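One structure below.
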Amino acid sequence: MRALLGALALLGALASAASADGELTMRGAYYKERATRVVQPMLDGKLTIGEHGTAEGHLLIDAITSASISAGAADTAFTERRYEAGGGYGHELPWGKLRGELRVSREPDYLSFFVGGGGELSLAEDNAVVALGAGYGHDDVSNAGARGPFTEKIEGNLQTLLVSASVSQVLSTHVLASVGYDLSHLRGFQQNPYRMVEIGASSFPEQHPDVRTRHALAATIKAYVEPARTTVIASYRLYFDSWGVVANTPELRAVRALGDAIELGARYRFHQQSAADFFERIYAAQERYLSDDEKLSRFTSHTAEAKVAVLGAALGLSGRWEEVRGELLVQYLHQNNRFGDAVSAQAALTIPFSDP
Numbered sequence: 019m020r021a022l023l024g025a026l027a028l029l030g031a032l033a034s035a036a037s038a039d040g041e042l043t044m045r046g047a048y049y050k051e052r053a054t055r056v057v058q059p060m061l062d063g064k065l066t067i068g069e070h071g072t073a074e075g076h077l078l079i080d081a082i083t084s085a086s087i088s089a090g091a092a093d094t095a096f097t098e099r100r101y102e103a104g105g106g107y108g109h110e111l112p113w114g115k116l117r118g119e120l121r122v123s124r125e126p127d128y129l130s131f132f133v134g135g136g137g138e139l140s141l142a143e144d145n146a147v148v149a150l151g152a153g154y155g156h157d158d159v160s161n162a163g164a165r166g167p168f169t170e171k172i173e174g175n176l177q178t179l180l181v182s183a184s185v186s187q188v189l190s191t192h193v194l195a196s197v198g199y200d201l202s203h204l205r206g207f208q209q210n211p212y213r214m215v216e217i218g219a220s221s222f223p224e225q226h227p228d229v230r231t232r233h234a235l236a237a238t239i240k241a242y243v244e245p246a247r248t249t250v251i252a253s254y255r256l257y258f259d260s261w262g263v264v265a266n267t268p269e270l271r272a273v274r275a276l277g278d279a280i281e282l283g284a285r286y287r288f289h290q291q292s293a294a295d296f297f298e299r300i301y302a303a304q305e306r307y308l309s310d311d312e313k314l315s316r317f318t319s320h321t322a323e324a325k326v327a328v329l330g331a332a333l334g335l336s337g338r339w340e341e342v343r344g345e346l347l348v349q350y351l352h353q354n355n356r357f358g359d360a361v362s363a364q365a366a367l368t369i370p371f372s373d374p
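Shown next, in the form of structure tokens:
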């Protein structure tokens, strides 16, 4: 928290020195399921650069407490912290936009680096947008959190290539539709270095294939219902990969404005997936690939969400504080796997600033 407050002061000083428009968002998130709790303070900043540029940055800390051996614990509650910092820049051009980003994440047993970029092409008087993106990630993984003098050292690295494409089209005054495709190719160490798999009465380290190719197709339609001052968003995502996992995820969301300073939102998401080809709870014999990772199992989940956002004007604030935005989001997740049901909450405060 001291690090985030220090970064907040630094971003505020930079914003003042730059004499530009932008905003700072302080956010706190909480997630709790059967054996895991995550507390995550975050700080996001956005700053305009000249007339056509926008710079963004973020800092976050995950404090993860788990009783699971797959999280590095040894039959007792285990707490680990993850630190992440990232930034990006987007530049508007007469024909569209170019952007780039960089992100670094570190845990005691994990170091992740990602760099990406892309562009948007506006067509038909900005009624259609074609977007392309690509990225590269490198992760170093180990079991540094394992305990015991006789624990065998496990380490490896993972290379990830990402490619994405999407098309958005204005269908009418109040209707926007989009379709997209994401492709990711992963090569390297993909198992959990702490997870053990049962073969009969014995346990052996988890072993995943070195290569995984993932595909995701998505379609979204957004419609604004003017009499009700409500935006309705419906989407569907189809996922499949080279490990045999197939997932279907439809989602429905509604956002309603109450006056000019209050906004209410509701969301429902359904997720259903098949198991990976090599997934088993307990193996009868030694196999080439071994995993009882719950994320690779067959399961379904339901997510219900409620959200409220309030501007400072609704609370009687005036001047520059009128546009301060507070948000509160609550989720309940029901899933029929070993993780069990989960609850999460998020609170955020966004403070805009502008060149005087």
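All the letters of the sequence shown, read from the start, carry residue numbers 19 to 374 under my numbering. For every residue, glycine included, the Cβ atom is placed at its ideal position computed from N, Cα and C. Quick caveat: nothing in here was measured; it's all calculated off a predicted structure.
Asked: DSSP three-state call for ILE87: helix, strand or coil?; Found: Residue confidence is low: ILE87 scores 46 on pLDDT, short of 50, so the model does not pin down where it sits. Its coordinate-derived value is still stated next. Three-state result, ILE87: helix.
Asked: I'd like the span of the beta strand (DSSP E) that includes PRO59, first residue to last.; Found: 54–67
Asked: Starting from LEU256, trace the beta strand (DSSP E) in both directions and tell me its first and last residue.; Found: 248–259
Asked: VAL133: which of VAL264, LEU111 and GLY106 sits nearest, CA to CA?; Found: GLY106
Asked: Starting from PHE297, follow the beta strand (DSSP E) in both directions and report where the run begins and ends.; Found: Counting along the chain, PHE297 falls outside any beta strand (DSSP E), and DSSP gives it neither H nor E.
Asked: Are at least three pairs of beta-carbons, each pair with one atom in the region 204–219 and one in the region 167–182, less than 8 Å apart?; Found: yes
Asked: At the level of alpha carbons, what is the spacing between GLN304 and HIS226?; Found: 13 Å
Asked: Buried or exposed for GLN291, please, with buried defined as at least 16 other CB atoms from any protein chain shown within 10 angstroms of its CB.; Found: buried
Asked: Report the residue ranges of all beta strand (DSSP E) runs contained in full by the region 170–258; include only those spanning at least 3 residues, in chain order.; Found: 173–190, 193–206, 214–217, 220–223 and 229–243
Asked: Taking contact to mean 3 or more Cβ pairs, one atom from each stretch, closer than 8 Å, check whether the region 153–162 and the region 188–195 are in contact.; Found: no
Asked: Is ARG338 helix, strand or coil when you go by DSSP?; Found: helix
Asked: Do ARG52 and ASP311 come within 9 Å of each other at the CB atom, strictly closer than that value?; Found: no
Asked: Per DSSP, what kind of secondary structure is GLU74 in: helix, strand or coil?; Found: strand
Asked: Give me the residue from GLU340, ARG100 and LYS115 with the minimum Cα distance to HIS70.; Found: LYS115
Asked: Taking 6 Å as the limit between beta carbons, can you name the residues of its chain near VAL326, skipping five residues before and five after?; Found: LEU282 and LEU346
Asked: Let me make sure I understand the geometry here. Which of LEU61, LEU308, THR54 and ASN145 has the alpha-carbon closest to that of TYR101?; Found: LEU61
Asked: From ALA142 to GLY63, what does the alpha carbon distance come to, in whole angstroms?; Found: 32 Å
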